[in-house]
Amino acid sequence: MSGAVVIVGAGVVGLTTALQLILDGVSPSQITIVAKDGPEKSTSFVAGALWECGMHIVPNITVSQHPLKTNTAAKAMTPTTYRESSDLTSPAMTSWLQTHGTAELGSFRHLQHYDAVVADMGVYLGWLKDQLASHRVHINALHVTDLRALATPGTIVVNCTGLFNEDPAIFPCKGQVVMVHAPWIRSAICDEDSGAYMIPRPNGNLICGGTAENDVWNTDVQADVTDKILAKCALVVPSVARAKVVAARAGRMKLPVVSFLMAIAAIFVHMPTVVESNLAGVDFGGEFFKIALVKPGKSFEIVTNVHSKRKTETIVSFNGEERLFGADAMNIEVRRPQNAYSQIRRLLGTTVTHPLVESMTKSEYFPYTLTHNDTRGSVGLKHDDEHTFHAEELVAMVFTHAKTITNEFAEGPVRDWVVTVPSYFAEAQRQAVIDAAEIAGIRVLSLIDENTAAALHHALSIDVPEVGKPTRVMFYNMGSTSLQVSVVEYTSRIVPDGFKKNKTIVDFEVLGKSWDESLGGSQFDLRLADKFADEFNTKLKKGDDIRLVPRAMAKLRAAARKTKIVLSANEVIPVVVPSLHADLDFKSNAKRSEFEALCADLFGRVLGPVESVLQKTGLAKTDLSAIEIIGGGVRIPKIQSLLKGYFERDLGLHLNGDEAMALGAAFHGANLSTAFRVRHVGMTDIASYPVGVRLVDLHREHPAADDGDDKHWVKRASLFGDAQRLNVKKSVAFSHSTDVSCTFRYDQPSGLPAGTSALISRYNITGIDAFVSKYADKNLGEPKVTLTFSLDGSGLAHIVKAEATLEEEVEVVEKKKIKKDGDDKKKTTNDVEADKTEAKAEDDDVNDVEDKVEYEEIKTLQKKVHRGPLVVVRADGVHRHDAGMSIVPMSVRTKKESIALLSELDKADSIRKTNAEAKNRLEAFVYEAREYLSQQEEAVASVSTPDQREKLATEVDATEEWLYEDGDDLDANAYNERHAPLRAQLDALAFRVDELAALPEAILKAQQYVISTKDLMEQWATEKPQVTEAERGDIVAKVDELAAWIEEEQAKQAAIPKHDTPVLTSAQVLKKVSFVKKLVTALGKKPKPVVEKKKEEPEKKPKNDTADETPPEDLDGHDSKKDVEDKTPKEGDASTSDDKKKDEL
1 MSGAVVIVGA
11 GVVGLTTALQ
21 LILDGVSPSQ
31 ITIVAKDGPE
41 KSTSFVAGAL
51 WECGMHIVPN
61 ITVSQHPLKT
71 NTAAKAMTPT
81 TYRESSDLTS
91 PAMTSWLQTH
101 GTAELGSFRH
111 LQHYDAVVAD
121 MGVYLGWLKD
131 QLASHRVHIN
141 ALHVTDLRAL
151 ATPGTIVVNC
161 TGLFNEDPAI
171 FPCKGQVVMV
181 HAPWIRSAIC
191 DEDSGAYMIP
201 RPNGNLICGG
211 TAENDVWNTD
221 VQADVTDKIL
231 AKCALVVPSV
241 ARAKVVAARA
251 GRMKLPVVSF
261 LMAIAAIFVH
271 MPTVVESNLA
281 GVDFGGEFFK
291 IALVKPGKSF
301 EIVTNVHSKR
311 KTETIVSFNG
321 EERLFGADAM
331 NIEVRRPQNA
341 YSQIRRLLGT
351 TVTHPLVESM
361 TKSEYFPYTL
371 THNDTRGSVG
381 LKHDDEHTFH
391 AEELVAMVFT
401 HAKTITNEFA
411 EGPVRDWVVT
421 VPSYFAEAQR
431 QAVIDAAEIA
441 GIRVLSLIDE
451 NTAAALHHAL
461 SIDVPEVGKP
471 TRVMFYNMGS
481 TSLQVSVVEY
491 TSRIVPDGFK
501 KNKTIVDFEV
511 LGKSWDESLG
521 GSQFDLRLAD
531 KFADEFNTKL
541 KKGDDIRLVP
551 RAMAKLRAAA
561 RKTKIVLSAN
571 EVIPVVVPSL
581 HADLDFKSNA
591 KRSEFEALCA
601 DLFGRVLGPV
611 ESVLQKTGLA
621 KTDLSAIEII
631 GGGVRIPKIQ
641 SLLKGYFERD
651 LGLHLNGDEA
661 MALGAAFHGA
671 NLSTAFRVRH
681 VGMTDIASYP
691 VGVRLVDLHR
701 EHPAADDGDD
711 KHWVKRASLF
721 GDAQRLNVKK
731 SVAFSHSTDV
741 SCTFRYDQPS
751 GLPAGTSALI
761 SRYNITGIDA
771 FVSKYADKNL
781 GEPKVTLTFS
791 LDGSGLAHIV
801 KAEATLEEEV
811 EVVEKKKIKK
821 DGDDKKKTTN
831 DVEADKTEAK
841 AEDDDVNDVE
851 DKVEYEEIKT
861 LQKKVHRGPL
871 VVVRADGVHR
881 HDAGMSIVPM
891 SVRTKKESIA
901 LLSELDKADS
911 IRKTNAEAKN
921 RLEAFVYEAR
931 EYLSQQEEAV
941 ASVSTPDQRE
951 KLATEVDATE
961 EWLYEDGDDL
971 DANAYNERHA
981 PLRAQLDALA
991 FRVDELAALP
1001 EAILKAQQYV
1011 ISTKDLMEQW
1021 ATEKPQVTEA
1031 ERGDIVAKVD
1041 ELAAWIEEEQ
1051 AKQAAIPKHD
1061 TPVLTSAQVL
1071 KKVSFVKKLV
1081 TALGKKPKPV
1091 VEKKKEEPEK
1101 KPKNDTADET
1111 PPEDLDGHDS
1121 KKDVEDKTPK
1131 EGDASTSDDK
1141 KKDEL
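FYI, in the UniProt record's numbering the residues of the sequence shown are 1 to 1145.
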């Protein structure tokens, strides 16, 4: 599809249409969505969305006083839960209704039940909106009254409004619903007779509805209709009448004129619910990546990989057809470096001539074959004759591995990620990270600069600054490939927190950034590797250079990396690399002083970004409260010494240099996601480079630079200046009558890293010509074109809205009543009475009066604004190096091809992994079987025949030989077919061995239980009078039956040989005993009967009359005081009441 697509409507149909077009290969830059309101105000947002008359599953119940027609579709889709009944009073149905919490439906005669899908449209529409936003497709606010105005040449207009005024084939149908809080109703209920329906929501709310009014356009809520809905639903489920009303709303939906189906659109206030979700913050470094996980209800934690390490190497290796990651991939790099791809972050969004890319092959001696992608201008990496990978594909492989270990650690899928990027990354590089994540099946909530993420994490533990007294902190971050320095200002403010309470909020703002993109820990490693290479070259023939041997250089790089780390704590270290090349060992010594001399020029660049950022922010060294150092490179003692000497103070070590960025990214994601409630920290980040736009006429395909030629229309605008805050929008307005081309570019090319293009992207903005032609006959002049630009939180600039407007002065005629001469005079009483009489006249009399009233026409001029949305399409689909263009992002089609490629690789890896696991299980079984037969030889001999033992041992030996010959490389089925029968033999043998001890023990316990239970029944005769004699007798009969069964089965077992399959097992005995135990336990919880204590009024007696003073308990001659102390509490006493409560619990 080559033309533009304009979608009208932002409901579920409009957003789904846009997303499906993108998935089908249409470029997102060709798609424009216009709507009067956003998704949250659409009918879709508030639809009940119950699959019925098809995101969670709820029981769906339809009831009626009349027979119901079988729902064949539901019965076919949910055969296990579909149920029909025409007798709701039967004991079985009564129990079923109680189980489903719908006992109130017992008054109906017929019922139909099945599980149905109900969607939370608020969540679904939000997901659609996020998916489109990830493709840079946004919703433009525009009230469309004429679809023809959008139909410019070459443009396809899709009407997704559902109900459009000009369509005579449909009419509106108004519906109204009431939302109540009724968490006890967990099933969707529909009354077929009255039309009332109730749909539950996960948060305990219940949507009640059942009204329909044809040809009604307004959506006003009517109180009487609300009462009718509640009354109607209460007739079905009476408990609804006591539910608290949350909200009531009304809406409308289209219905075909010829249709007899009734569809009601329900609009209600969306109640936010807590969504169970996981989130990850990923510090995607050049050498390692770290992942911080956020789970609901748990603190942040660092993900550990399969080797239980908290950081994983950023590398992917190919061992034949198998892909390896992390430490396993590093092992391949030393042996076959041409098949191991590390430092792949450098390849994102760059060209083959970029200094950092050229350095990899020319200075760092990576044996990679890099290619130029003619379409995009990007770097390709040739793996073999069949595969040349995009840089995004290699990074996507690493992301897929990261996603796998994160999901395993989280014990569930992790849907959303926040990824860190270096501050110096330009738009092409940032977009490449997002594309790689999309290929890996990850949704990136946002990108965040590494130092900003560390600053955010530091805000959680920093001492809260006093209000009005900011704290300024410098973050010095040296990683494996670059050095980044940022200055951050922390402030605090006091905000209300509930009734008569306040709380303190910490905010921080990034004041300035600076960097050296080519100064990192790997550069220091390279100096040592070069030193080792020079020393080893002395052992080789004259003219030979070990640097040209990839495998040897990979070993030297690994040795140099290890040496640098050890020299951070030691002055001298011996270096040994056995069999480096040509059967020669490498042996040397490395000294810290020598290392510092080798890297003197690198150490001279350490303070450059520090001075630069202080100059940008206008701060002095004394204005800083602390200097926090992070990253692996800062562990070099010389770097810390230089920093201490420059600032004349100690350095801050309050952050974990490896994990602070990942934890900060996770915290940022938790703030962005609606699934978490975390401590609020205000964050204000800034852009790394200033961005501007250049506008020219679209018909000029190759506009030249400023040449002073007035014939060509050119307009420039500086959109986002130096240190511009992120998450802002700006608009540019100008008068123009033709379509234009808009080019994003960096305003200060000199401040860009070497090799970075100043051009960002180019867009064609069309629709201006058609808009002018539409109103040409009115001579309204040139339209005003307004372009709205956005700089989002990831540092990406794009156009979010484009429209053209024309103002027209329209003559409006208003009628005004002419006052007569006597109208201003004061009216008499008779006049007032006459006016009252006249007001009560009939309609025919009013017409006569109106004929006598005189009006005058007043003409006024009012401004009418004509608006027309413009179509924005990305125009740099093909890279042109001669024009100095930036890297072109991956197209949708290219990303789909990459996704398919990675899917095939993942599938092949999964098959290989399954085959290897099956082979390992079979091999482990061989050793397990031999060990068991050897250690349990005596016991095995007692429950098996010599032939059985010999057969198993022979087959185990044959399997071992087969594994190392014909079975060396087969699929999992072959190993499983061999493993299953052998496992069955060994398990049967081991079971009989275990039963030698387990069965007698189980029988003994059962016999003891029989005796103890009979004794317990005798005790209950006096201690538990609530247990009847019949119930005790039933228990005694059960235990007698158990004893008889054990005796009978023992006889059967004794009659068969021990090497046969047992007829009586310990598990069978324990199961029988467990059944009787359940009966006894249930009977023991039977509550005591409640006896009301009679209250008798005491009779008044003479003080000297002692004949009747003895209480009833003393009639037996017992001591009354003793009986009062020792008597058993009677029913109704406090102690008895407490016992009863315990029994009930």
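C-beta atoms are modelled at their ideal positions from N, C-alpha and C, and glycine is treated no differently.
Distance from the CA atom of H1059 to the CA atom of A941, rounded to whole angstroms, is 9 angstroms. N203 carries a coil assignment under DSSP once its states are collapsed to helix, strand and coil. A717 places its beta carbon less than 8 angstroms from that of G692. Within the same chain, and ignoring the five residues on either side of S482 in sequence, the residues whose Cβ sits closer than 8 angstroms to its Cβ are G286, P422, Y424, W515, D516, E517, S518, L519, G520. Within the same chain, and ignoring the five residues on either side of A972 in sequence, the residues whose Cβ sits closer than 7 angstroms to its Cβ are T914, N915, A918. Judged by their CB atoms, D534 and K895 are not nearer to each other than the 8 angstroms cut-off.
Counting along the chain, no beta strand (DSSP E) covers K129; the unbroken alpha helix (DSSP H) around it starts and ends at 121-134.
Beta-bridge analysis with DSSP links P869 to E803. In the three-state DSSP reduction, I189 falls in the strand class (E or B). The criterion of a C-beta distance shorter than 8 angstroms is not satisfied by V294 and A665. For E438 against D283, the beta-carbon gap comes to about 19 angstroms, at or over 8 angstroms, which does not count as contact. Membership of A1043 in the alpha helix (DSSP H) is indicated by the continuous run 1029-1054. Within the DSSP secondary-structure output, I686 pairs in a beta bridge with R725.
By the Cβ-count criterion, S86 is exposed, with fewer than 16 other Cβ atoms from all chains shown falling within 10 Å of its own Cβ.
Inclusion of T314 and V180 in the CB contact set at 8 angstroms is not warranted, their separation being larger than that value. I630 is a Cβ neighbour of L655, given a cutoff of 8 angstroms. Approximately 5 angstroms separates the beta-carbon atoms of K1088 and Q1026; this is inside 8 angstroms, confirming the contact.
For G175, the closest alpha carbon among the candidates A1021, I229, I686, V956 is that of I229. Between G412 and N278 the beta-carbon gap is near 6 angstroms, inside 8 angstroms, which marks them as a contact. Bridge partners of C742 according to DSSP: L695, Y763. Taking 8 angstroms as the upper bound for CB-CB distance, T959 and L922 are in contact here, some 7 angstroms apart.
For F325, the uninterrupted beta strand (DSSP E) run begins and ends at 322-325, by DSSP. The residues G3, A4, in chain order, have a CB closer than 7 angstroms to that of G154 in the same chain once the five nearest residues on each side in sequence are set aside. If the five residues before and after I899 are omitted, its C-beta is found closer than 6 angstroms to the C-beta atoms of I439, all from its own chain and listed in chain order.
For F425, the secondary structure class from DSSP, reduced to helix, strand or coil, is coil. If you look at P574, you'll find it in the beta strand (DSSP E) that goes 572-581. Within the UniProt domain "FAD dependent oxidoreductase" (5-54), the beta strand (DSSP E) runs of at least 3 residues that lie entirely inside it are, in chain order, 31-35. Counted as a single uninterrupted DSSP element, the beta strand (DSSP E) harbouring H113 occupies residues 110-118. Of the candidates V177, L111, Y975, the residue whose Cα lies closest to the Cα of Q222 is V177.
By the Cβ criterion, the stretch 677-693 is not in contact with the stretch 578-594, since fewer than three pairs of Cβ atoms, one from each stretch, lie closer than 8 angstroms. In the DSSP assignment, E301 forms a beta bridge with L293. Where G281 is concerned, there is no enclosing alpha helix (DSSP H), although the beta strand (DSSP E) around it starts and stops at 279-284. Cβ-Cβ separation between T406 and I291: approximately 5 angstroms, consistent with a contact (criterion under 8 angstroms). DSSP places S910 inside the alpha helix (DSSP H), whose first and last residues are 892-935.
For R978, the enclosing alpha helix (DSSP H) has its first and last residue at 972-1023. In the three-state scheme derived from DSSP, where H, G and I count as helix and E and B as strand, N373 is classed as coil.
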